[in-house]
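Student: Protein chains in written order, with this note's numbering: chain A, 511 to 849; chain B, 20 to 330. We treat Cβ as the ideally placed atom computed from N, Cα and C, and that holds for glycine. Keep in mind the model is a prediction, meaning the values are calculated, not measured. This is the structure I want to talk about, given as structure tokens.
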């Protein structure tokens, strides 16, 4: 696949070619922006974690990559390249074929992601009719599904369904890119660990790029190579996990990390982030003057806000391996702490 | 069974409580006290109401529906004549209109927001708000006065006199009778298809690269049909009651006409027999709906298997 890219697009400059490159992606739902100017890239074998609160645009970003967006959504991007092909210019049938073979999506809510009125096994055969289904099911410890050909989704637990969906989206088709949109949010803790192990094992054996969306920073620390932090539709900071967890530069990232229980000393209160979530802020902003799109979206909640932050939106600054959208990113963290 | 008993009792009591008596209609101008007593004696109407009730029930239990007070014709025989006419009208109207409703609803949902969608929505609201007796009269006016000779506006041609003529006679009554069913089915199905298209399992199937056509056939329509079955059952019931008005407007000799006539003349056994027939029809439709749901929705099926369903 890599040689095809070398011959197909001679202008690609970085030698270890990225499998997925998103540049300046915008998504609107009926005129309301959900993703604004996100750029990111992903290499084979790499796991990129995407974190951010509800409504920050994580899921929309994922849907925009696969092209499965609800009616009324509008996508604009300077580029959405997947393995050398520009996805935004592909005819729908080609895009469908890419979804059918090269990009896998593990959904957020396993319990409702299979049709309730058709037996699970029959649905699995819609997508994968190979002889190796028994082997694949054995890999996730669910060979018994073969003995339950008449059982509908409601007879299975969330964890079982999620493992079955992983079989379909990842193991059976061995995609180049796997998008996991909060795959463990609705599962209990032990099942979560099971699913994570499954994903890591998959990465080690087959080497797909994985985009892992989550609220859970602990999971990010555990499995991801790099992490992107989203706030109000923007990627406010991205970089290697080690970098972001030890020296976060964006005040939002810092606040997120401060709210982690493990990082808080015993006896001290957990850090809570001041202000309101994006959804609340956008709502109140829409009710009031519609002007407020200038300036940094995090400014109303930012502990180190400057007058400039309300007027001028920060542009992404590259600092070593880290990319940050903050006017004060250049200052040393210590200096900001004192301010 | 309880329902049927309740219907019988209710009809019985209401008929007896309503003013007048078949005796007056029967005797007419030759009314006299002696005549009345004689006829009442013959028809068993001089017994007390509870007595009459018990006697009627006993008769029913033996499978006898009684006979018309006027013609002496057995009620069972009358029903056997009239019921097939109504059933045919109702089933034709229901089948054609509901099929159209499903088609229109599905297309409207798939072309959500298009002019066709708007047309379906407006048509359903209009079709639901127009009373069927008025629409029936308009049809009679249009096809009886302005455009004559195309469709018969009244009368009924038995099937023995030729299928084409027979069907031609059914067109207008079936049109008027089935229109509300079309409206309700189209609206319901449009709504449930739209809802289903928004579900997680549809996005998952799409993200797995399932083609739109396969997705609609395997996933969307199948799940959207579950609420539809209930509504279609209700509509079949509605077709039975709608038949009462429509049959009278178009002069179709079905159960509806028999019912109205018998009530007007207070022909107790016939009126009760008609109501009994309608009640049984309703119950059968309900049973059919339940069975259809059982076949289509696994969750209900399991409820039954585990004995979780309360009758």
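#1: Would you identify the three-state DSSP class for residue 544 of chain A, choosing helix, strand or coil?
#2: State whether the segment 276-291 of chain B contacts the segment 159-167 of chain B, with contact taken as three or more CB pairs (one from each stretch) at a distance under 8 angstroms.
#3: Okay, do the segment 76-91 of chain B and the segment 242-250 of chain B touch, 3+ Cβ pairs below 8 angstroms being the bar?
#4: List in chain order: all unbroken alpha helix (DSSP H) runs of 4+ residues lying wholly within the segment 681-729 of chain A.
#5: Are residue 237 of chain B and residue 128 of chain B closer than 9 angstroms when you measure CB to CB?
#6: Are the C-beta atoms of residue 329 of chain B and some chain A residue less than 9 angstroms apart?
#7: Is it buried or exposed, residue 27 of chain B, if we count other Cβ atoms within 10 angstroms and call 16 or more buried?
#8: How many angstroms separate the CA atom of residue 650 of chain A from the CA atom of residue 213 of chain B?
#9: Shorter than 9 angstroms from the beta carbon of residue 628 of chain A to some beta carbon of chain B?
#10: Which residues in chain A sit within 8 angstroms of residue 241 of chain B, going by Cβ to Cβ distance?
#11: Can you list the residues of chain B that residue 678 of chain A reaches, using a CB-CB cut of under 7 angstroms?
#12: For residue 113 of chain B, count neighbouring C-beta atoms within 10 Å of its own C-beta (all shown protein chains included) and say buried if the count is 16 or more, exposed if not.
#13: For residue 602 of chain A, which three-state DSSP category applies?
#14: So which residues of chain B does residue 641 of chain A contact, with C-beta pairs closer than 9 angstroms?
#15: How about the segment 569-583 of chain A and the segment 756-768 of chain A: do they share at least three Cβ pairs that are nearer than 8 angstroms?
#16: Would you grab the beta carbon distance between residue 230 of chain B and residue 542 of chain A for me? Rounded to a whole angstrom, and I think it's under 8 angstroms.
#17: Using DSSP bridges, identify the partner residues of residue 86 of chain B.
#18: With three or more beta-carbon pairs closer than 8 angstroms as the criterion, would you say the segment 684-694 of chain A touches the segment 656-668 of chain A?
#19: When the cut-off is 9 angstroms and only beta carbons count, does residue 529 of chain A lie next to chain B?
#20: Does residue 220 of chain B pass the burial test, meaning 16 or more other C-beta atoms within 10 Å, or should it be called exposed?
#21: Going by beta carbon distance, what residues of the same chain come within less than 7 angstroms of residue 667 of chain A, once the five residues before and after it are set aside?
#22: Report the rounded CA-to-CA distance for residue 154 of chain B versus residue 205 of chain B, giving the unit in angstroms.
#23: When we look at the beta-carbon of residue 20 of chain B and count the other beta-carbons within 10 Å, is it buried (16 or more) or exposed?
#24: What is the DSSP secondary structure of residue 229 of chain B, reduced to helix, strand or coil?
#25: Taking 9 angstroms as the cut-off, decide whether the C-beta atoms of residue 286 of chain B and residue 87 of chain B are in contact.
#26: Can you give me the start and stop residues for the beta strand (DSSP E) that residue 744 of chain A sits inside?
#27: Pick out whichever of B/120, B/133, B/126 has its Cα sitting closest to the Cα of residue 144 of chain B.
#28: For chain A, check one thing: does any of its Cβ atoms lie closer than 9 angstroms to the Cβ of residue 286 of chain B?
#29: Check this for me: beta carbons of residue 23 of chain B and residue 255 of chain B, under 9 angstroms apart or not?
#30: Over the uninterrupted alpha helix (DSSP H) stretch that includes residue 808 of chain A, give me the two end residues.
#31: DSSP three-state call for residue 166 of chain B: helix, strand or coil?
#32: Tell me the residue span of the alpha helix (DSSP H) that contains residue 40 of chain B.
#33: Tell me the rounded alpha-carbon separation between residue 190 of chain B and residue 170 of chain B.
#34: Does any residue of chain E bring its CB to less than 9 angstroms from the CB of residue 238 of chain B?
#35: On the criterion of 16 or more Cβ atoms from any shown chain inside 10 Å, does residue 754 of chain A qualify as buried, or is it exposed?
#36: Output yes or no for whether 9 angstroms exceeds the beta carbon distance between residue 730 of chain A and residue 749 of chain A.
Tutor: Reading it off the structure:
#1: Strand.
#2: Under the 8 angstroms Cβ criterion, the segment 276-291 of chain B does not count as touching the segment 159-167 of chain B, having fewer than three qualifying pairs.
#3: Not touching, per the Cβ criterion.
#4: Runs of the alpha helix (DSSP H) inside the segment 681-729 of chain A: 699-716.
#5: With contacts defined as CB atoms closer than 9 angstroms, residue 237 of chain B and residue 128 of chain B fail to qualify as a contacting pair.
#6: Reliability of the predicted coordinates at residue 329 of chain B is poor, the pLDDT of 39 falling under 50, and the value obtained from them is presented with this limitation in mind. Output row for residue 329 of chain B: interface = no.
#7: With 16 or more other Cβ atoms within 10 Å, it is buried.
#8: Going by the C-alpha atoms only, they are around 35 angstroms apart.
#9: For residue 628 of chain A, the answer is yes, since a Cβ of chain B falls inside 9 angstroms of its Cβ.
#10: Those are 625, 627, 628, listed as they occur along chain A.
#11: Neighbours of residue 678 of chain A on chain B, chain order: 227.
#12: Label assigned to residue 113 of chain B: buried.
#13: Residue 602 of chain A: helix per DSSP, three-state reduction.
#14: None at all; the shortest Cβ gap to chain B is about 20 angstroms.
#15: Result no; under three Cβ-Cβ pairs closer than 8 angstroms.
#16: Beta-carbon to beta-carbon, residue 230 of chain B and residue 542 of chain A are separated by about 30 angstroms, too far to satisfy the 8 angstroms threshold.
#17: Looking at the DSSP output, residue 86 of chain B shares a beta bridge with B/93.
#18: No contact exists between the segment 684-694 of chain A and the segment 656-668 of chain A.
#19: No, because no Cβ of chain B sits closer than 9 angstroms to the Cβ of residue 529 of chain A.
#20: Around the CB of residue 220 of chain B, 16 or more other CB atoms lie within 10 Å, so the residue is classed as buried.
#21: Nothing listed; no residue qualifies.
#22: C-alpha separation (whole angstroms): 19 angstroms.
#23: When all chains shown are included, residue 20 of chain B counts as exposed.
#24: It is coil, neither helix nor strand.
#25: Yes, the pair counts as a contact, with Cβ atoms nearer than the cut-off.
#26: Unbroken beta strand (DSSP E) run through residue 744 of chain A: 744-750.
#27: Of all alpha-carbon atoms in B/120, B/133, B/126, the one lying nearest the alpha-carbon of residue 144 of chain B is that of B/120.
#28: Cβ-Cβ to chain A under 9 angstroms: no for residue 286 of chain B.
#29: No, the pair does not count as a contact, with Cβ atoms beyond the cut-off.
#30: Unbroken run through residue 808 of chain A: none, as it is neither H nor E.
#31: The DSSP-derived three-state label of residue 166 of chain B is coil.
#32: Annotation: residue 40 of chain B is outside any alpha helix (DSSP H) and is labelled neither H nor E by DSSP.
#33: Each residue's Cα considered, the two are about 8 angstroms apart.
#34: In the displayed structure, chain E is absent; the protein chains listed are A and B.
#35: Around the Cβ of residue 754 of chain A, a 10 Å sphere holds 16 or more other Cβ atoms; the residue is buried.
#36: No, Cβ-Cβ distance for residue 730 of chain A and residue 749 of chain A is not below 9 angstroms.
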